[in-house]
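To start, the structure under review is shown below, and the notes come after it.
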Ligand SMILES: Cc1ncc(COP(=O)(O)O)c(C=O)c1O
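Structural data, given as structure tokens:
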């Protein structure tokens, strides 16, 4: 039995690059290999602020933040301190007991949403689970079935989130959840209706008229589509869409898993760019700064719809993750993260636009704050996607010490989503690296 005096033999880890890669190939499921950043795996060992080191001690500037999970920076003293404090007291307390840390977190999180609403919080394990719960609440509350989502949206890869995905390669060929309708996503650069926001809103009306009983359960939207290709919703789209969905009896769900906690610089939450109040907000990634934490923030009357049957998950209210969540909210205020995302993001966007002026391969630069995307095209007139070239830029940047993302529904986007502690001299460095990567194309 464990005791304070018993001495355990240390658990050894083989940190050699070859051994780690070999073990990964041998012991992890082949599905894990379908989503890898590089042709040669990157094996990481430690992080600090906006930097990472691999197992061979090579340093990188990280522009992907573990797919936007690291918000306030790696190894943040407040976050790590709060988690360690909690770890020494109690590592877990499931939701069937009440623990002080998750309930404080729920209160502090709810306070970050527009006043005048009775917000409640349901803590869950992952973004996809948050989406699943939100979807179920929408159906239960409205009594309607159909959910409207956007083409090229991404809301996760499990359960109903996978059926919502508007990108074919994220969907397994199994029967999808019925009742999901995809409408054209507004996209000034490539969208089927060009730059007219009204035309995309008309599409929602037409879809409700032609493909539903005239009533819908709801609508789900990312304020800036992330995996889909860093596609910001144009001004007026969220408010127009919400009006139409509510007129058809539905509720409006905003997925802030990438855009939340000040990433877009302008606001704390992405939906604030259009001055709307959603009915449900799903959160994940950056709210935990790398600790597994996701949440559904919902108006109480809607959450009541799920209170007639039992609901439980094992890890949703883990107190260590919730301690991290509380510390993230505090660190955002004390580190003035939003201001930094705004200033450094604007500086980076400006430099990327200068790069665009010199490189024909850059078709578009878009995004807000520290959620930026650079779209590569073979030809600016035809906009043929430069997918393979994007891959070469990403690999060359890695060689030169910069981790940058590749994504988009056509695989031709460079994605820049760093920890929110990025500095202007980091921007100067990565622009230099990108410049040299483009010159090698
Ligand atoms: C916008 C968005 N929603 C939902 C999810 C799903 O989150 P998770 O991977 O935690 O299930 C993601 C993950 O990348 C995401 O980017």
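Residue numbers (the numbering used here): 1 to 441.
Even glycine gets a Cβ: it sits at the ideal position worked out from N, Cα and C.
By the C-beta density criterion, residue 152 is buried, having at least 16 other C-beta atoms within 10 angstroms. Assignment of residue 122 by DSSP, reduced to helix, strand and coil, places it in the strand class. Three or more pairs of CB atoms, one per stretch, sit closer than 8 Å, so the region 418-435 contacts the region 350-358.
Under the DSSP assignment, residue 367 falls in the beta strand (DSSP E) whose first and last residues are 362-368. A distance below 7 Å between beta-carbons, with the five flanking residues on each side excluded, links residue 410 to the following residues of its chain, in chain order: 385 and 387. Rounded to the nearest whole angstrom, the CA to CA distance from residue 309 to residue 363 is 51 Å. Residue 51 sits in a strand when the DSSP states are folded into three classes.
Here residue 284 has 126, 127, 130, 257, 293, 294 and 295 as same chain residues with Cβ atoms under 8 Å from its own Cβ, once five neighbours each way along the sequence are excluded. Taking 4 residues as the minimum length, the alpha helix (DSSP H) runs contained wholly in the region 240-311 are 300-303, in order along the chain. In this chain, the alpha helix (DSSP H) harbouring residue 320 covers 319-334. Beta-bridge analysis with DSSP links residue 30 to no other residue. Sixteen is the threshold: when 16 or more other Cβ atoms of the shown chains lie within 10 Å of the Cβ of residue 291, as they do, the residue is buried. Three or more beta-carbon pairs separated by less than 8 Å link the region 96-104 to the region 312-332, which places the two stretches in contact. Taking a contact to require three or more Cβ pairs closer than 8 Å, the region 149-166 and the region 180-188 qualify as touching. In the three-state scheme derived from DSSP, where H, G and I count as helix and E and B as strand, residue 77 is classed as helix. Annotation for residue 32 indicates a beta carbon at 7 Å or more from all heavy atoms of ligand 1. Note on residue 170: 16 or more other CB atoms within 10 angstroms of its CB, so buried under the neighbour-count rule. A direct Cα-to-Cα measurement between residue 63 and residue 143 gives close to 43 Å.
Taking a contact as a CB-CB distance under 8 Å, the pair residue 85 and residue 323 counts as one, their CB atoms being some 7 Å apart.
In this structure, residue 111 and residue 120 do not form a Cβ contact; the two beta carbons are roughly 12 Å apart against a cut-off of 8 Å. Put simply, the backbone Cα of residue 392 is about 27 Å away from that of residue 259. For ligand 1, a non-hydrogen atom lies closer than 7 Å to the CB of residue 161. 8 Å or more divides the Cβ of residue 22 from the Cβ of residue 327.
Residue pairing for residue 377: DSSP places it in a beta bridge opposite 385. By the beta-carbon neighbour count (other beta carbons within 10 angstroms, threshold 16), residue 412 is buried. In the DSSP assignment, residue 147 is bridged to 180 and 218. According to DSSP, residue pairing for residue 225 in a beta bridge involves 231. Relative to the non-hydrogen atoms of ligand 1, the Cβ of residue 315 never comes closer than 7 Å to any of them. For residue 415, the enclosing beta strand (DSSP E) starts and ends at 413-416. Collapsing the DSSP output to three states places residue 403 in a strand. The region 245-256 makes no contact with the region 35-55, as fewer than three CB pairs between them are under 8 Å.
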